[in-house]
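Worksheet: one structure, shown below.
Number of protein chains: 2
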Amino acid sequence: MITVLAGGVGAARFLSGLVQVRPQPEITAIVNTGDDVVMHGLRISPDLDTVMYTLAGAINPETGWGLVGETWQAMGALDRYADVRPLASAAGATWFRLGDKDLATHMYRTHRMAEGASLSEVTAEITGAWGLGLRLVPMTDDQVETRFTVDGEGELGFQEYFVARRHDVAVAAVRFAGAESARPAPGVLDALRSADTIVIAPSNPLISIGPILAVPGIRDELIARRDRVVAVSPIVAGAALKGPADRLMADLGFESSVVGVARIYADVASALVVDVADSGLVDAVQGVGMRCVVAETVMSTPAIAAALAETAITSAG
Amino acid sequence: MITVLAGGVGAARFLSGLVQVRPQPEITAIVNTGDDVVMHGLRISPDLDTVMYTLAGAINPETGWGLVGETWQAMGALDRYADVRPLASAAGATWFRLGDKDLATHMYRTHRMAEGASLSEVTAEITGAWGLGLRLVPMTDDQVETRFTVDGEGELGFQEYFVARRHDVAVAAVRFAGAESARPAPGVLDALRSADTIVIAPSNPLISIGPILAVPGIRDELIARRDRVVAVSPIVAGAALKGPADRLMADLGFESSVVGVARIYADVASALVVDVADSGLVDAVQGVGMRCVVAETVMSTPAIAAALAETAITSAG
Numbered sequence: 000m001i002t003v004l005a006g007g008v009g010a011a012r013f014l015s016g017l018v019q020v021r022p023q024p025e026i027t028a029i030v031n032t033g034d035d036v037v038m039h040g041l042r043i044s045p046d047l048d049t050v051m052y053t054l055a056g057a058i059n060p061e062t063g064w065g066l067v068g069e070t071w072q073a074m075g076a077l078d079r080y081a082d083v084r085p086l087a088s089a090a091g092a093t094w095f096r097l098g099d100k101d102l103a104t105h106m107y108r109t110h111r112m113a114e115g116a117s118l119s120e121v122t123a124e125i126t127g128a129w130g131l132g133l134r135l136v137p138m139t140d141d142q143v144e145t146r147f148t149v150d151g152e153g154e155l156g157f158q159e160y161f162v163a164r165r166h167d168v169a170v171a172a173v174r175f176a177g178a179e180s181a182r183p184a185p186g187v188l189d190a191l192r193s194a195d196t197i198v199i200a201p202s203n204p205l206i207s208i209g210p211i212l213a214v215p216g217i218r219d220e221l222i223a224r225r226d227r228v229v230a231v232s233p234i235v236a237g238a239a240l241k242g243p244a245d246r247l248m249a250d251l252g253f254e255s256s257v258v259g260v261a262r263i264y265a266d267v268a269s270a271l272v273v274d275v276a277d278s279g280l281v282d283a284v285q286g287v288g289m290r291c292v293v294a295e296t297v298m299s300t301p302a303i304a305a306a307l308a309e310t311a312i313t314s315a316g
Numbered sequence: 000m001i002t003v004l005a006g007g008v009g010a011a012r013f014l015s016g017l018v019q020v021r022p023q024p025e026i027t028a029i030v031n032t033g034d035d036v037v038m039h040g041l042r043i044s045p046d047l048d049t050v051m052y053t054l055a056g057a058i059n060p061e062t063g064w065g066l067v068g069e070t071w072q073a074m075g076a077l078d079r080y081a082d083v084r085p086l087a088s089a090a091g092a093t094w095f096r097l098g099d100k101d102l103a104t105h106m107y108r109t110h111r112m113a114e115g116a117s118l119s120e121v122t123a124e125i126t127g128a129w130g131l132g133l134r135l136v137p138m139t140d141d142q143v144e145t146r147f148t149v150d151g152e153g154e155l156g157f158q159e160y161f162v163a164r165r166h167d168v169a170v171a172a173v174r175f176a177g178a179e180s181a182r183p184a185p186g187v188l189d190a191l192r193s194a195d196t197i198v199i200a201p202s203n204p205l206i207s208i209g210p211i212l213a214v215p216g217i218r219d220e221l222i223a224r225r226d227r228v229v230a231v232s233p234i235v236a237g238a239a240l241k242g243p244a245d246r247l248m249a250d251l252g253f254e255s256s257v258v259g260v261a262r263i264y265a266d267v268a269s270a271l272v273v274d275v276a277d278s279g280l281v282d283a284v285q286g287v288g289m290r291c292v293v294a295e296t297v298m299s300t301p302a303i304a305a306a307l308a309e310t311a312i313t314s315a316g
């Protein structure tokens, strides 16, 4: 059994490699929900959907999120309302792009949760509809919101920071509102306890994996099983392949390098897989107290993703 | 000033005639919200939207509801989830067709109401976005739900009765849940008091106009101004042009004819406009205590709608 801690695009690609080398029923992904947001009354779980659409072979390959062959009629029609809304309102805002087909996922989720279903129940239904054989589990069924303190502006929600502001702001602090009282979703702790190997996917350590580790009980379980936990660095040659991990690490006082990643994960993982571009930093990573494994980590083809997954799961212990 | 009590398709056509013969700023439509429903988490106001889309020239002329040139990507995608939902759930149901562009209206409304805006505030914003010059006002900002008692089945909501069951069931009773504690929306009573003429549009008297009259204060205002109130019969030669008015009237003990319509409206309106096909019933209508005006009421062309509107507003007093 393999359990993967997952954010969005990077984790989705890693999992698409993993399912090539291991049977899906042996895999559980525990997915970040700190980015979840209600927009236009609809419950949106970006990381769950990115992982699901990717594994279903339905992801838009150009963006890395959303559905392939998507249409944008609803967003186009929403533009009509942008000019009439009160200034203080985000109603009618279209910076968070929701394709017409993608809307169906949020409509289903919203309907079921309004009936009282938990996010993990609905996630099982939705992934079943897409024919996934692996298990996707939200980190928690409780509300946890990743929030960013931006100098001179106060706090932004995740999507305001990430999409509306294109993560092009200096972040003074990150917090996971609600995490202190959140409980791991059903199956999360069991999946960590029963896994032969736990992989921390190449996701943003601070705002994709960070929220998962902030749910009480999860970090402790990883610490207890540290010898079976392998992380894959999302930082290659000092930069993030996608997203703001590099800038955010620097803003928050971490070195934007595999060594910085190692310092974040040293207490919960015993090994770090780094890219060949960072082979010169193997000693530095080991100096932080983690074994360091060098591999090709830029998953530009399915074969590379599969090889990386194989490397990761054989690097534990 | 002219105030119109309005349901859906019939009222929308009547109003599209009225705006040809009177300036839009002189017109207020008080619209039924008893059909309003939350589907997939989205707030849907079918009659408000039918009237709005019609007056904006954007209605689908084939259905009489929804937008012209609509696409159905979200509904198609929702089908995927229909098979995985628990049996007791309506999540993923697609019998209530929501086009992709139409979804934007519901998304905007839902977002604004989640922020605390009232339905009448949001309606003003939405109709402004569509460039309407007349005023559309929901009958109430409070929740009123038209509900149907069906023999052997218990109660159905409006859309279950009307769309899912295609109003092909025997109705034992209709009620307007919440009406007793609802208040007229801001502007409703003023629009009735200040109108030179009040027109009851050719909508279903029991389930389109009935809910409006059930909001405390509205019926009393009509009774007080009865000499200025004109109704247009939605029944022509004993049948409804569209929808279940004829069957429903019979089910609930009313004669399915202009005489039956006259009996429903006699206390709130002083005149009834009936179709030329019913000219033989003029005496019978007058026997119920209403003046009876004969006109062409089947609005198959814009010119006929305009002439009918002119007839209606000149028939009062």
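As you go down the protein sequences, you meet chains A and B in turn. Heads up: the first sequence begins at 0 in numbering that gives the first Met the number 0, then just goes up one per residue. Heads up: the second sequence begins at 0 in numbering that gives the first Met the number 0, then just goes up one per residue. Heads up, the beta-carbon is just placed ideally off N, CA and C, and yes, glycines get one too.
Of all C-beta pairs linking the region 232-248 of chain B to the region 273-280 of chain B, three or more are shorter than 8 angstroms, placing the two stretches in contact.
In the three-state reduction of the DSSP assignment, B:F13 falls in the helix class.
For A:S88, the chain B residues whose Cβ falls inside 7 angstroms of its Cβ are R111 and E114, in order along the chain. Using a CB distance below 9 angstroms, the part of the region 53-68 of chain B facing chain A consists of L66, ordered along the chain.
Distance from the CA atom of A:D245 to the CA atom of B:P210, rounded to whole angstroms, is 59 angstroms. Close to B:Q158, with beta-carbon spacing below 9 angstroms, lies no residue of chain A; the smallest spacing is near 14 angstroms. When 9 angstroms is used as the limit between beta carbons, A:Q72 is near these residues of chain B: E69, T70, Q72, A73, G98, D99, K100, L102 and A103, in chain order. Among the residues facing chain A, B:E144 is not included, as its CB has no counterpart in that chain under 9 angstroms away. Comparing C-alpha distances from A:V143 to each of A:Q285, A:E179, A:R134 and A:E114 shows the shortest one belongs to A:E179.
When only Cα atoms are considered, A:A128 and B:Y80 end up about 6 angstroms apart. Straight through space, the alpha carbons of A:A76 and B:G156 are spaced by roughly 29 angstroms. Non-local beta-carbon contacts of B:R218 in its own chain, meaning distances under 7 angstroms to residues more than five positions away in sequence, involve L212 and V267 in chain order. Assigned with DSSP and collapsed to three states, B:D48 falls in helix.
With at least 16 other beta carbons inside 10 angstroms of its own, A:A90 counts as buried. A residue is called buried once 16 or more other Cβ atoms fall within 10 Å of its Cβ, and A:Q285, having fewer, is exposed. Excluding sequence positions up to five before and after A:M74, its CB lies within less than 7 angstroms of the CB of T93, R96 and L97, all in the same chain and listed in chain order. Only those residues of the region 22-44 of chain A whose C-beta falls short of 9 angstroms from the nearest C-beta of chain B are listed: V37, M38, H39, G40, L41 and R42. Around the beta carbon of A:I222, fewer than 16 other beta carbons lie within 10 angstroms, which makes this residue exposed.
Under the three-state reduction of DSSP, B:F253 is assigned to coil, being neither helix nor strand. Counted as a single uninterrupted DSSP element, the alpha helix (DSSP H) harbouring B:G286 occupies residues V281 to G286. Any Cβ of chain A closer than 9 angstroms to the Cβ of B:G132 would place that residue at the interface, and such an atom is absent. B:P85 has a beta carbon lying within less than 9 angstroms of a beta carbon in chain A. Three or more beta-carbon pairs separated by less than 8 angstroms link the region 172-190 of chain A to the region 133-147 of chain A, which places the two stretches in contact. Note that the region 95-115 of chain B does not touch the region 51-68 of chain A; fewer than 3 beta-carbon pairs, one per stretch, sit closer than 8 angstroms.
The region 241-256 of chain B and the region 294-311 of chain B do not touch, with fewer than 3 CB-CB distances between them shorter than 8 angstroms.
As DSSP reads the structure, A:D274 sits in a beta bridge with A:A294. Counting of Cβ neighbours within 10 angstroms places B:E61 among the exposed residues, the total staying below 16. Contact of A:M106 with chain B is assigned, a C-beta pair being separated by under 9 angstroms. A:I125 belongs to the set of residues whose beta carbon lies under 9 angstroms from a beta carbon in chain B. With 16 or more other Cβ atoms from the protein chains shown falling within 10 Å of its own Cβ, A:S314 counts as buried.
By the Cβ neighbour-count rule, B:E124 is buried, with 16 or more other Cβ atoms within 10 Å of its own. Going by DSSP, A:G153 is part of the beta strand (DSSP E) stretching over G153 to G156.
Put simply, the backbone Cα of A:T148 is about 12 angstroms away from that of A:E159. Interface criterion not met: the Cβ of A:Y264 is under 9 angstroms from no Cβ in chain B.
The alpha helix (DSSP H) runs lying completely inside the region 28-82 of chain A and spanning 4 residues or more are 45-54 and 72-81, given in chain order. Look at the beta carbons and you see the region 11-23 of chain B not touching the region 301-315 of chain A: under three pairs across the two are nearer than 8 angstroms.
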